[in-house]
Every structure is written in C-alpha cells, then in structure tokens.
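Have a look at the structure below before the remarks.
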Amino acid sequence: TTPQDGGAGPGKAPLVFLNRPRIIEETLLKVQVADLAAARSALLALGGQYERQEFGRQQLDGKTVEIWRFVLPAEKADEFISAAGRLGKVTGRQDQTTDRTADFARALERYHSLLAQAAGGGGSNSSLEAEISFLEQQLLNWDREAGQHVVVVLLEGK
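Structure, rendered in structure tokens:
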C-alpha cells in the first residue's frame, strides 16, 4: 500500500501509487497549560514513537502557543488525545474526517502530466521541477496519512 521508492528527480523513476481510498481523520486539540515547557516535554513523551512536526512557538490571541502535529495509528488516537487533554484544560476540540481520494486523483493526474511535459521538454525547467517535487511530496503525505489519525495539539500558555 506504499508508493514504490523513487521520485521524479534526475535519473529517478516516477512514484507509483495504488488506487485506493484516502480517508484522513483529523483532530485539533487546544490545551491551556500552566507551564508550557513542562507540557511540551510531557506531550513529546506521549507522542515520542509517532511521526511529528513542530510549528514552533507563536503568538495567538495574545497568548504564547506551541503547535505540534502528530500522525498516529487510528487505534491509538483516542488514548493519545485523552492523555494530551490531561496536560491542562481543554479549551477547544475539532474532529473531522477528510476524504482526499478525489484530491489525490487530481494531484496524481497533474503529477503525471507534468512528468510527461518534463520528459518531452528536453531541458531543465526549475519551476516545472519544483511543481513536480511539491506534488510528489503532497502525494506521499496523503498516501502515508490515509488510514491514520492526524492530531494537531496547540499548547497554550496562561
């Protein structure tokens, strides 16, 4: 169910993806905490084995927030979300299911079109290569996240 290794870079074969539904479960959890540093450490300990991305420290509505994005198996999501909520006071939660199947198909069609265009052009076009690379990364992300649960945690300092 994973794409073949490769990529459309110089000398690489294009990625091949299986035609399957790509449903992504997402939760946004806002948690107000007394100690941002301690909450961050605890959150990272909770999600240590899962893929994560940090969006850094930001100011939101006059408060300092840290934003973290985790991708975890769907069967672990409820436990993780509950534990993350216990780090402080939950001030907001949004759950959504996104069907990326049609978006994926359109992006894949565009990806193949650009690959054909690049192959027929003969020369190096940096904007074309950049768009191919961007689409390739987006397709890989959607493919990897399908069937998983994406949890974005906003740790909000008091």
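If you count the sequence shown from 1, you need to add 626 to reach my numbering.
For every residue, glycine included, the Cβ atom is placed at its ideal position computed from N, Cα and C.
Grouping DSSP H, G and I as helix and E and B as strand, with all else coil, what is residue i?
i, result
"Gly688", "coil"
"Gly773", "coil"
"Arg695", "strand"
"Gly682", "strand"
"Gly718", "strand"
"Lys656", "strand"
"Gly783", "strand"
I'd like to know whether the C-beta atoms of residue i and residue j end up nearer to each other than 9 Å.
i, j, result
"Gln764", "Ala733", "yes"
"Tyr737", "Leu761", "yes"
"Thr717", "Glu652", "no"
"Leu670", "Phe706", "no"
"Ala744", "Leu754", "yes"
Considering just the uninterrupted stretch of the alpha helix (DSSP H) at residue i, what are its terminal residues?
i, result
"Leu740", "Thr727 to Gly747"
Rounded to the nearest angstrom, how far is the Cβ of residue i from that of residue j, given a contact under 8 Å?
i, j, result
"Val779", "Val657", "7 Å"
With a CB to CB cut of under 6 Å and the five nearest residues on each side skipped, what residues in its chain are close to residue i?
i, result
"Glu677", "Val697"
"Gln684", "Val691"
Kindly list the residues whose CB is nearer than 8 Å to the CB of residue i, restricted to its own chain and excluding five residues on each side of it in sequence; keep chain order.
i, result
"Ala709", "Leu672"
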